[in-house]
């Protein structure tokens with residue numbers, strides 16, 4: 001098994017967020033407990049629509065694995 005591409009990684013995260021949107025009908029604050037790279041992916045998907053900008057976010061410095069990150073979430 002090889003590494004997945006950035007585009008595939010972001011698409012997988014976006015699909016997960018879409019599944020959550022079906023369950024959560026209102027705006028909420030989500031608290032993510034995830035690997036630091038996944039946190040960046042979630043941030044990219046929730047804040048940007050452009051794929052190139054999302055990939056730039058993946059290249060930014062990585063938060064600590066134990067860092068607690070909150071995301072404002074609402075239907076898109």
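Numbering (the working numbering), first residue to last: 1 to 76. Positions of the beta carbon are idealized from the N, C-alpha and C atoms, including for glycine.
Check	Outcome
Three-way DSSP call (helix, strand, coil) for residue 5 in this model	coil
7 angstroms Cβ cutoff met for residue 13 and residue 37	no
Where the alpha helix (DSSP H) containing residue 45 begins and where it ends	36 to 47
Residue environment, residue 54, which counts as buried when at least 16 other CB atoms sit within 10 Å	buried
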